[in-house]
Each structure stands twice: as C-alpha cells, then as structure tokens.
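So the structure is just underneath, and the comments pick up after that.
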Amino acid sequence: MSDDSVSVLLNNNGDVADSDIGNEHNDTPCVSVSLTQTTAIEGGANGSYELKLTSQPTAAVTINITTNNQIQSIAPLTFTPNNWNVAQTVTVKAVNDTVAEGTHSTNITHKVSSNDSNYNEISVPRVKVTIDDNDTTPTPTPTPTPKPKPTPAIEDEDNDTTPTPTPTPTPISENPGIIINPTSGLVTTETGGTDKFTIKLQSQPTANVQIDLRSSNDAEGIISPKTVTFNSTNWNQPQTITVTGIDDRISDGNKNYTIFTYSAISTDRDYSGLNAADITVTNRDNEPSTTTNSNSGSGANSSVKTDGKMLSEEEKKAIVAIMGSFFGLNNFLFNNLTKIGNNFTLGAVGTAIDGYISGATVFLDANKNGIKDTNEPSTTTDSNGKYNLEIPLESFDKNKNGQIEPEEGNLVAFGGTDTATGLPLKNTLSAPVDAAVVTPLTSLVTDLMAGGMSQSEAESKVKSALSIPGEVDLLDLDPIASTPKNEPGAAETLVAMTKVQNIIIQTSSLIDGASTADNTAITKAVVEAINNKIKSGGSLYLSDSAQVESIIQQSVAKVKEIDSNLNTQKLSEITPQAAQVMAEANQKTDRVKSNFLPEFIPSEIAKVQKVALGESSIDLEEAAAGTKPIAVVVWENTGEYLTAKIQGNPVPSQPAVPVVTGDIIEVGNTAPENPGDEDKNLAGTDDRDTLIGGSGNDFISARKASDSLDGGAGNDSIYGGRELDTLTGGDGDDILFGGRGADSFG
1 MSDDSVSVLL NNNGDVADSD IGNEHNDTPC VSVSLTQTTA IEGGANGSYE LKLTSQPTAA
61 VTINITTNNQ IQSIAPLTFT PNNWNVAQTV TVKAVNDTVA EGTHSTNITH KVSSNDSNYN
121 EISVPRVKVT IDDNDTTPTP TPTPTPKPKP TPAIEDEDND TTPTPTPTPT PISENPGIII
181 NPTSGLVTTE TGGTDKFTIK LQSQPTANVQ IDLRSSNDAE GIISPKTVTF NSTNWNQPQT
241 ITVTGIDDRI SDGNKNYTIF TYSAISTDRD YSGLNAADIT VTNRDNEPST TTNSNSGSGA
301 NSSVKTDGKM LSEEEKKAIV AIMGSFFGLN NFLFNNLTKI GNNFTLGAVG TAIDGYISGA
361 TVFLDANKNG IKDTNEPSTT TDSNGKYNLE IPLESFDKNK NGQIEPEEGN LVAFGGTDTA
421 TGLPLKNTLS APVDAAVVTP LTSLVTDLMA GGMSQSEAES KVKSALSIPG EVDLLDLDPI
481 ASTPKNEPGA AETLVAMTKV QNIIIQTSSL IDGASTADNT AITKAVVEAI NNKIKSGGSL
541 YLSDSAQVES IIQQSVAKVK EIDSNLNTQK LSEITPQAAQ VMAEANQKTD RVKSNFLPEF
601 IPSEIAKVQK VALGESSIDL EEAAAGTKPI AVVVWENTGE YLTAKIQGNP VPSQPAVPVV
661 TGDIIEVGNT APENPGDEDK NLAGTDDRDT LIGGSGNDFI SARKASDSLD GGAGNDSIYG
721 GRELDTLTGG DGDDILFGGR GADSFG
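Residues 1 to 746, numbered by our numbering, are exactly what the sequence shown covers, in order.
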C-alpha cells in the first residue's frame, strides 16, 4: 500500500461514513519534464520546455543538457534545496544554417549530477525537437536536349525495319529515411506478453547506419535488441524489435510507455543525425483492481491483510471495502476505526545465483553482521533459486518511508546447492533489498556501499573494472537466463560473475587450509581485497595470474589481522603457483564465451566451475595445509589435465613413481636413448634419501627425514617434505618448496 491517505469503507446495508487513515506522503525523487516534444524554426520561433524536481534534494542538483549541431548549445540548470520545486525554462534555438534539409528532428538529452545519491545520475526523459527548415533547394536550369540528326534508312531486300527498343527507365533514388512499422498500437502484458515492430531504411546508405533504442520505462517493458545496424546490403530488409511486458505487484491499470529511437549514427551525411519516430506501447495490468481477503474475527477487533498486493501507488485514495454478514443488529455503523501500528510487509522477491542456488537461506541482515539473528526474517529458495521474503515494515522500516533503505539492512543468502554444478554454496552472497538477484557481483556492490559509496556509483565501479557493459543492471539481470537469449551484456556479466566467484572460493579455500579463522571472515577479507582493486580504478583482469596473486596477498594480510597464528610465510611461498591455478580456470571461462554459441555458454561455464570450485579448491586447501605438494596441485589443475577434468575425459596418466629406499641415488626407471634425458617422477621414503633428477623436466618429492634433492638440468619441481633438507634446482627454471623444517636451497 502506498504512503497515501487510505479511506476504509464499512458496508452492511446501511449508510456508512468514510474514515481516513492518514500516512505522510513521500514523493519519489525524479526530474519532471513538462514536454517531451517541441518545435523550433530556423531563423524564427524557438521551442521550450520546463524542468523541475519532484522532491527536495539534500544537495545541489545540476542538469547538463546535450544537443547536437542542429540545436544551439544550452547552459546547465542547477536546482538547490531552496528552489527545487520552481520550474526552470529550457529555450531551444535551432541552428540557422544554409542547408536545405526540409523538416527534420533531433533529440535533447539530460545528465544529472549531485551529491544527493537519490538524484545523482537519475534518468531523465529526452526531448524530441522538430526543426522547420527555412532553406529551399534551388531548382536547376534544365539542360536543353540536342535534336538528334535523322538516321538514313537502310533498305534491304524485304524492306523490313528493326523496331526501336523501349528504353529502361532509370530508377529514382528515394530520399533518406527510417521506416518503422508500426509506431503505435503495440500491446504487451504483465504476464510476459510480447509485441513487435520493424525498422528498415528508405534508401541505400553509403556507410553503416546504427540506430539505438530504449524503453522509457523498464519497469513496464523492455526491448531486444537495443541496437540495429544497416549497411548497403541489408538496408531494405526489416529488422525486428521485440517488446516484452514486465510484471509488478501493483494494481496500477494499463500503463503506456514509449520506445525511444536515438538519432542515427553514420558517416553517411544523409543519415547522420536522422531521427525516426518513437513507438508507443501499452502494458496491460494483470492485477485486479480490487483484492478480496476473507478473515474471521470476533469482538471489537479483527484484521485484514492484502497478501503483499499493492492496492495503489497513485496520489489518490485506495478504497478498502469490508462487506459480509454480521451477527447482531440488522444495521449498524463502525464510526471509529483504528489502524494499529504499521502492520505492512515488504515482499522482497528475487533469485539467488551462482548457478541457481536451491535450498539457500535468504534473510534480511538488519544489523549487517552477516549472521542470521533470531529476529531477522528469512525464507528458503526453491529448486530454481527463487525466493519471496516478507519483511515486516513495522520492525525494520526505521524511517517509516515504506521501504528498506541500504542503511536499514541488506539481503544475505547462504547454504543451499548450486543446481548447475551440484556443489554446495560455500560463501555468503548479499544484495540490496530492492535487488531482483543475489549474486557474487551484487555482493561486491553491497560491500562497496557499506564503505560509503552510493548504489549507482558502486554498480558503475564494478561494471567498469570487470568490463561489463554500462547499460547492464547488476541488481536486476539474471545472466544465466539472459545469455541464451543473446541479450546485450548478459554473457559478459555471466563470465565476470563466474570469475569473481572462482577467485572468492579458491582464495578462501587456500587461506582456510592454513588458518583457524571462520570461513565467513575469510570470505569477507577476499571480497574486500577484490573491491580494493575495483576502488583504485582501471580494469581488473581475473584471468591474469599477477593480478590474482596480488588479491591473494591482500586477502592473506587481512586474515592475519584476525588470525595472529596464520602462517603467512607458508602461504607466501605457494601464492604464485596458487594464482596460476586460479587464473587458468578463469582463462577457461573466457574461452567458453569465445568458442560457444550463447545457448551453450551457461552449461559449459558450469563445467569449468564444477572443477574450479570443487577439486581445485580442495587441492589448494590441502596445499596450504601441507598435505599435498603445490607442484602436484599445479600439475592436476592446469593444462591438459585441467581440460580433461572439465570435459569429463580420462586425465593424462603420470609416469610411474619409483619407490626409493634410503641412501639410494635414483637414476630413473626407463632406458632412454640418451640416459638422463627423460622426465622423472622421484619419490623418497621416510628414511634419509638422495634423489637426483636427469636433464629432463623432473618432479622430485621427498618424505620424512633429512634428504638431499638435486633437480639437475631441465625445469624441475622439487618438494622437500619434512626435516632438514637440501634442495638444489640445477639448470633450468625450477620450483623449490622446502616444506617443514629448516631447509637449505641451492
């Protein structure tokens, strides 16, 4: 129910007076535009429209006005907390050029900036300007046609003459134009019903022509695609735009909205800046104008609830009629009605996504401690990751504005199972309460907002750092459902989301292997480390091992602050190899987007993530715990071995590992053409061993006791194990890991 006056009508076959229950109205911040179309004449009358704010801002609001070369530049307008509701006039003057263009049109756009987060970067409708030209095209003087000389007739024997062929008329080239069909009468429905229109050009262009489109109200209808491009080949072939209705929980009646067409972008001067007609659409409501609820009660008190349905959001009265048979007198009146408390609930509806998370707990984290407290409302996601969380506004809407603001809490999801990989969700996900999705990306946004950023700034930072298109709404887009439909930005969002989750889980697992800290605290440290990179600006490449290594190092340092016993030296030694493992998994994710059609991308990415968040994460944890050599972890989670695991194929077999007894010099278990050239896999015993590799790429692993290990030539991986070991890499690029004990490296 909106924050407006509500009239409650009691009817039992008698005259009943209305009783008002007053709520203070709270206007939604937006910029009011008096006209969305105006006309200007070259060298003549100007056009105009007015702008004002609908609510008082907390800081100055500046509106920058952008025109093209058809309209003279317009100075920015500024509204303050004192003049916010005083309309300011925008005067539109056409550029008086000397080009005969006929009547044509262009658009004026607006960009808002303010320290008030409610107004900063808020969307403002554009204004279409029709320009009446004052130039005329001179009529060319016709060139006289020369009189042809008569051709003498050629006589032949039968006196026949050859008929003169009828000349083929030269086609007249049409004027440039953009044809949209239809421009009105489109209907969508809140049940997801669609309608379509087409776009084509009127004449052949000399260069590509790009036309961008957008919906005036994404809460009523969305379009796909949002951009069409024509060239000299397909210019006359209609391209179809699909408009899809969006559902809400409001009984708001049928709503009209507009599909705006932006000025054409082209190096063809005839098409550059050409503007097509906008398209009007109606979205049909699917909520009834009245809602009926049956409730029983006795005595003087009873209660009615609307099951989360909003009866009205308009600035008018919503009539609630209470009717039925009453025991007692035939006719009676309720003269005194009392609304007890603020017993309304806010329905937070959305989807928990890594893959779709089934059986996850979603709750309102009112005190933002990341833990579900007993008084915080919660629900569980269904098999498709969907949730419907009812939040009592009386308890959690502290400022009584009918919403849960960021400072009043956010959503947290934990537990459950990723339906795409079959793996449990190991970390917590978070999002603002008004989000339609809870994902690793919304978790980054929530963490940035907790640090003081506005929601729009946090979203913008995340998208910029992870190369996600700016038009994507991270709090609304379901990338798993949208990618197969090839919706703009969906695949990029899915890839970025997957790579972020891979880094969070794998880094947390690595640190968890060496730490006694709570996993939630470790995960929070990793998220903060990622966001520190995002806040610093620039791009964040999570497929680059150097950048991943930096995130691991920062995460370890943060966990050290809460776990003084964390062995940072041990983690530091294996961080480069761990970063290699993580980066390669994300590189595999990148390749999925490049190599597969959109409909296959989600399932192929799930194959990568099943390994990255499953076996690879376990291996990294064991490496940090010292129960598995990091060299083995690298071998089993990179290259062909990783590819085989992702595709579910048999993994490459490693050469047999020889069993070496104490004080034996290992010379290999094969007989190559040149002794010593083969790759070796050498494992020691629990006694003192001397292990020597050949000239190939060797893997040498000692066990207990004090051992002597020499890799020889080649690129070797040497693991010391326990006790006092001597490790010598020899020639080539070698990896030496001492393990436990005071070891010597050569």
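A virtual CB, placed ideally from N, CA and C, is assigned to each residue, including glycine.
From residue i to residue j, what distance separates their C-alpha atoms?
i: G193; j: I511; result: 49 Å
i: T638; j: S456; result: 38 Å
i: V437; j: A521; result: 23 Å
i: S73; j: V92; result: 9 Å
i: I505; j: D195; result: 43 Å
i: T240; j: I357; result: 35 Å
i: A490; j: T229; result: 20 Å
i: I41; j: D278; result: 21 Å
i: S603; j: F596; result: 10 Å
i: V86; j: I530; result: 44 Å
i: P488; j: P238; result: 20 Å
i: T306; j: E636; result: Summary for T306: the model assigns pLDDT 46, below 50, so the residue's position carries little reliability; its value from the coordinates is reported in the next sentence. Approximately 57 Å between the Cα atoms of the pair.
i: T98; j: R214; result: 33 Å
i: D397; j: I404; result: 6 Å
i: F197; j: P225; result: 12 Å
i: D447; j: A525; result: 11 Å
i: N586; j: L542; result: 7 Å
i: N83; j: A75; result: 18 Å
i: V634; j: Q577; result: 7 Å
i: D212; j: A264; result: 7 Å
i: E528; j: T439; result: 16 Å
With a threshold of 6 Å on Cβ separation, who are the neighbours of residue i within its own chain once the five nearest residues in sequence on each side are excluded?
i: S272; result: S266
i: D270; result: P176
i: V548; result: A579, M582, A583
i: E459; result: V445, L474
When the Cα of residue i is compared with those of the options, which residue comes out closest?
i: E622; options: E573, G513, I552, S508; result: G513
i: S536; options: V462, A578, D563; result: V462
i: L51; options: N236, E492, Q88, V438; result: Q88
i: T39; options: T130, N399, N502, S539; result: T130
i: F414; options: P76, A420, L425; result: L425
i: A752; options: N427, Y119, V33; result: For the chain, the structure presents residues 1 to 746; residue 752 sits outside this window and is missing.
i: D247; options: W235, T261, D285; result: D285
i: T258; options: D365, N283, S539; result: N283
i: P432; options: T439, P406, A450; result: P406
i: G43; options: M449, N134, N181; result: N134
i: T62; options: L35, S105, E121; result: E121
Assign residue i to one of three DSSP states: helix, strand, or coil.
i: E220; result: coil
i: Y49; result: strand
i: T78; result: strand
i: Y271; result: coil
i: L613; result: helix
i: S555; result: helix
i: E390; result: strand
i: D563; result: coil
i: V61; result: strand
i: V31; result: strand
i: E678; result: No answer about E678 holds up, because its pLDDT of 46 lies below 50 and its placement is not dependable.
i: G350; result: strand
i: Y119; result: coil
i: P602; result: helix
i: T498; result: helix
i: N637; result: coil
i: Q239; result: strand
i: Q70; result: coil
i: A514; result: coil
i: V86; result: coil
i: E313; result: Annotation note: pLDDT 43 at E313 (below 50); position unreliable, coordinate value reported separately. Correct three-state label for E313: coil.
Whose C-beta lies closer than 8 Å to the C-beta of residue i among residues of the same chain, with five residues either side of it excluded?
i: S550; result: K533
Across which residues does DSSP place residue i in a beta bridge pair?
i: R591; result: Note: R591 sits in no beta bridge, so no partner.
i: F260; result: R214
i: K255; result: N283
i: V129; result: T38, T106
i: P440; result: Paired residue(s): none; P440 is not in a bridge.
i: T244; result: T194, I222
i: I180; result: I199
i: F414; result: T361
Kindly list the residues whose CB is nearer than 7 Å to the CB of residue i, restricted to its own chain and excluding five residues on each side of it in sequence; keep chain order.
i: T109; result: T66, R126
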